[in-house]
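Asker: One structure, as structure tokens, below. Some questions next.
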Amino acid sequence: MATDFDPYRILGVDRAASADDVRAAYERLSAEAPAGSERRREVEASYAVLGSEEKRREYDSRLSLRESRGMPAASVEALTLAGETAGYESVPWTIGDIARALILPLMLIVLNVGAAITTDVNPDDLTETDHIIGLGFGLVLEAALLALAYYFAVRKYRGSWRSLGFRRPVNMRWWLPLAVLGGSFATIWAWVGLLYALGIAPESNIPENIYDFAIPVVMLGLLTIIVAPFAEEVFFRGFLFQGAAKRWGMWAGIGFSAFIFGLVHAGGPDTWLLLPAIAAIGAIFAWGFAKSGSIYPSLFAHVVFNSVSFFVGFTE
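Have a look at this one:
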């Protein structure tokens, strides 16, 4: 990065520029600069400062202070702010993008829940074909989540997968992924234990007899261990959490993404009792993302959590 780093100069805007002007300049320059180039990194670092209201105010305050003392603007301070800013503070997508991206998944969930409510079928009476159709629906939903995140976060703004969290963790303690994983298991065990203590037996959204059929078991393993963790981490943490946190702050972003994460796992009424625990696990995953600035800790925890759940069900 150049030592004369000046976010306003690099984006070609003045200090009176509106947030929309800054965003437009960033989108135009990002489209012009080759991915991975020094110019592209300067543009992204500049937007990391000017694209965040909080960081921009802080930077402008520092500039004004130095100007009042007759001192030159400090490039190092701008670079420091660019480096300190959390990943979600510089993402280009908006709440409007998130709202549009949620339309299809929520419609599919409404259809799924509606079918589960109106169809009076014992889950343990489902045939192999029934399971294949249900798992196929799950694969379509996961593919839709991944495609929507890619379109609204990467393609629309001519960005890269890095913006969705595929980047090196920042100042991450080695134990963070283990804490996220441990917190997830503790949450589900505590919640299920509480329900049993209250005399309530929660139902899994995976019918027990699915393990009696070879093809559904293979599909379930693929969906549970590989497809779902990847697609859901990209959509819920990389896309939803970052976009919401940029607009509303970290904790609101965690809560919003966790709520939608729980909602998407809704099935028949018998499974609804587990949704609070699933939402809480989503919050833990989002917290891990926020603390590391990377998708990898939560992705690791999600894969291990789902793998254990799958193999426990398989061996019972």
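So in this note's numbering, the last spot in the sequence shown is 348, and the numbers never skip. Note that the Cβ used here is the ideal one computed from N, Cα and C, for glycine as well. Just so you know, these numbers come straight off a predicted model, no measurement behind them.
Unbroken alpha helix (DSSP H) runs of length 4 or more, entirely within the stretch 147-193: which are they?
Answerer: 160-181
Asker: Since I believe Val145 is in contact with Ala284 (beta carbons under 8 Å), could you give me their beta-carbon distance rounded to a whole number of angstroms?
Answerer: Ala284 to Val145, Cβ: 26 Å. No contact.
Asker: Mind checking Trp125: buried by the 16 CB within 10 Å criterion, or exposed?
Answerer: buried
Asker: Got a sec? Which residues, its chain only, sit under 6 Å from Ile310 by beta carbon, not counting five neighbours each side?
Answerer: Apart from the 5 residues on each side of it in sequence, Ile310 sits with its Cβ closer than 6 Å to the Cβ of Gly294 and His297 in its chain, given in chain order.
Asker: Which first and last residues belong to the alpha helix (DSSP H) in which Gly225 is found?
Answerer: Leu208 to Ala229
Asker: Which two residues bound the contiguous alpha helix (DSSP H) that contains Trp319?
Answerer: For Trp319, the enclosing alpha helix (DSSP H) has its first and last residue at Leu307 to Ser324.
Asker: Can you list, in chain order, the residues of its chain with a C-beta nearer than 8 Å to that of Leu136? Leave out the 5 residues immediately preceding and following it.
Answerer: Ala176 and Leu180
Asker: Going by C-alpha distance, which of Leu95, Trp280, Ala67 and Met139 is nearest Ser186?
Answerer: Here the sequence assigns Val to residue 186, which means Ser is not the residue at that position. Measuring from the Cα of Val186, the nearest candidate turns out to be Ala67.
Asker: With a threshold of 8 Å, are at least 3 pairs of Cβ atoms found where one atom belongs to the stretch 234-250 and the other to the stretch 327-339?
Answerer: As far as the Cβ criterion goes, the stretch 234-250 does not touch the stretch 327-339, which means the pair count is below three.
Asker: How about the stretch 246-262 and the stretch 162-171: do they share at least three Cβ pairs that are nearer than 8 Å?
Answerer: yes
Asker: DSSP on Trp280, reduced to helix/strand/coil?
Answerer: helix
Asker: Grab me the residues of Ala65's own chain with a C-beta within less than 7 Å of its C-beta, minus the 5 sequence neighbours each way, in chain order.
Answerer: Taken in chain order, the residues that qualify are Arg71, Arg72 and Val75.
Asker: Given a cut-off of 7 Å, decide if Val344 and Pro261 are closer than it, judged by their beta-carbon atoms.
Answerer: no
Asker: For Trp207, does the count of other Cβ atoms within 10 angstroms reach 16, so buried, or fall short, so exposed?
Answerer: exposed
Asker: Pick from Ser50, Pro201 and Asp162: whose alpha carbon is nearest that of Ser324?
Answerer: Selection Ser50, Pro201 and Asp162 evaluated against Ser324 yields Pro201 as nearest (Cα-Cα).
Asker: Quick one, are the C-beta atoms of Ile292 and Trp319 less than 7 Å apart?
Answerer: no
Asker: Is it the case that the Cβ atoms of Ala276 and Phe288 are separated by a distance below 7 Å?
Answerer: Yes. Within cutoff.
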